[in-house]
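S.K.: Pasting a structure here, questions to come.
Numbering (UniProt numbering), first residue to last: 1 to 193.
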């Protein structure tokens with residue numbers, strides 16, 4: 001309700017005070033606009049953003065700077081592209097915790113396996129030495145074709161070496177995607193609960 005009254009007061013002042021506003025010097029209006037804008041800047045939030053995420057702070061700073069130097073539309077594109085770059089960089093290297101349990105190398109993958117992350121995970125799988133290579137897939141929500149193909153490829157490579165690739169705690173939709181490539185009978189990956 002306060003917003004409605006504010007809008008009505010502004011409209012009333014604009015209609016009734018238009019002749020008064022025309023006498024205010026433009027530099028004074030610019031100064032008052034800058035003063036209002038300065039009050040809108042959340043300095044505490046900006047400092048917190050700098051401490052928490054340098055990448056997000058960089059995106060904010062780039063967007064602000066681009067807004068001052070370029071057209072607004074171009075500045076927004078610059079901010080979106082910078083944000084997309086950092087997102088792809090972060091998701092292309094999923095969190096992988098790796099440890100050894102007897103003859104098993106266990107990799108807990110946190111994140112989706114998609115075209116951007118496949119190469120990173122494949123490199124981690126190729127460094128394993130255990131007879132059983134276990135991927136704890138509990139945190140894998142999504143896998144695309146390149147991820148499916150890479151896991152099949154690694155399972156066959158390990159099989160030629162007399163080793164096994166096992167997915168443990170995989171979600172049903174992940175198992176379904178992995179079985180689609182060659183059918184459940186020919187899938188070289190073993191699944192465990």
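Even for Gly, the Cβ is constructed at its ideal location relative to N, Cα and C.
Sort 139, 186, 23, 128 by Cα distance to residue 95 and report the nearest one.
M.R.: Locating residue 95 in the chain shown gives position 95, where the first residue counts as 1. Closest option to residue 95, Cα to Cα, is 139.
S.K.: Which partner residues of residue 136 appear in the DSSP bridge assignment?
M.R.: Translated into the one-based positions of the chain shown, residue 136 becomes position 136. DSSP, once it has assigned bridges, lists 108, 168 as partnering residue 136.
S.K.: Classify residue 162 as buried or exposed, calling it buried when 16 or more other Cβ atoms lie within 10 Å of its own Cβ.
M.R.: Against the chain shown, residue 162 aligns to sequence position 162. Classification for residue 162: exposed.
S.K.: Across which residues does DSSP place residue 255 in a beta bridge pair?
M.R.: Outside the shown range of the chain, which is 1 to 193, sits residue 255, and nothing can be said about it.
S.K.: Starting from residue 115 and walking both ways along the alpha helix (DSSP H), at which residues does that stretch end?
M.R.: Looking up residue 115 in the chain shown gives position 115. Its alpha helix (DSSP H) spans residues 115-126.
S.K.: What is the rounded straight-line gap between the Cα of residue 148 and the Cα of residue 73?
M.R.: As a first step, residue 148 is located in the chain shown; it is residue number 148 there, counting from the start. As a first step, residue 73 is located in the chain shown; it is residue number 73 there, counting from the start. Roughly 39 Å between the two C-alpha positions.
S.K.: Please report the residue range of the alpha helix (DSSP H) in which residue 131 lies.
M.R.: Within the chain shown, residue 131 is the residue found at index 131, counting from 1. Careful: residue 131 lies outside any alpha helix (DSSP H) and carries neither H nor E.
S.K.: Relative to the alpha-carbon of residue 111, which residue among 93, 105, 124, 98 has its alpha-carbon at the smallest distance?
M.R.: Along the chain shown, read from residue 1 onward, the residue named residue 111 stands at position 111. Of the listed residues, the one whose Cα sits closest to residue 111 is 93.
S.K.: Quick one: what does DSSP say residue 163 is sitting in, helix, strand or coil?
M.R.: One-based indexing of the chain shown puts residue 163 at position 163. It is coil, neither helix nor strand.
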